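To start, the structure itself, in structure tokens.
In our numbering, the protein residues as written are -13 to 141.
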């Protein structure tokens, strides 16, 4: 498996052999990995185990959906929202989704949903409305986070 890290103009290619699964990174993932201003890979994948990381790296649909959501969150931060947004949950495989009590058809399992929090959730909600053609969101005030999902994810 190949992992690409993009640091400004330099590309460092790290070859990791994953013989067990024999999968390779998707072209979409390779072109978009770590190109976000406000989200680091350590935050994006913090909740994922090794199998989930392999799913993300090898499945074009999952990486495409995740990239779309990250682009929206990054655009909000870049243009008009000067408050850090923290990812609390992103991609989950089926066992992880069951473990956290997710619904059976969770968009998290497609990489098409992300849970976030910040210090000013009402302001974030007003910014999310700009993208209402592409996303829908649910605010959970008792848990202090927003669930954001793509309306039309790649499957």
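We put the beta carbon where it would ideally sit given N, CA and C, even for glycine. Note that this is a predicted model, so its numbers are computed, not measured.
Proximity of residue 134 and residue 86 at Cβ, strictly below 7 Å: No; because the gap between Cβ atoms is not below 7 Å, this pair is not in contact.
Span of the beta strand (DSSP E), counted from its first residue to its last, around residue 99: Counting along the chain, residue 99 sits inside the beta strand (DSSP E) bounded by residues 99 to 103.
Backbone CA spacing between residue 142 and residue 126 [nearest angstrom]: There is simply no residue 142 to check, as the chain begins at -13 and stops at 141 in what is shown.
Closest Cα partner of residue 120 within the set 48, 58, 72, 34: Answer by Cα proximity: 58.
Residue of 94, 71, 117 minimising C-alpha distance to residue 103: The option with the nearest alpha carbon to residue 103 is 71.
Per-residue DSSP class, three states only, for residue 49: Three-state DSSP puts residue 49 in a helix.
Nearest candidate by alpha-carbon position, reference residue 76, set 137, 129, 110, 92: When only C-alpha atoms are compared, the closest one is 92.
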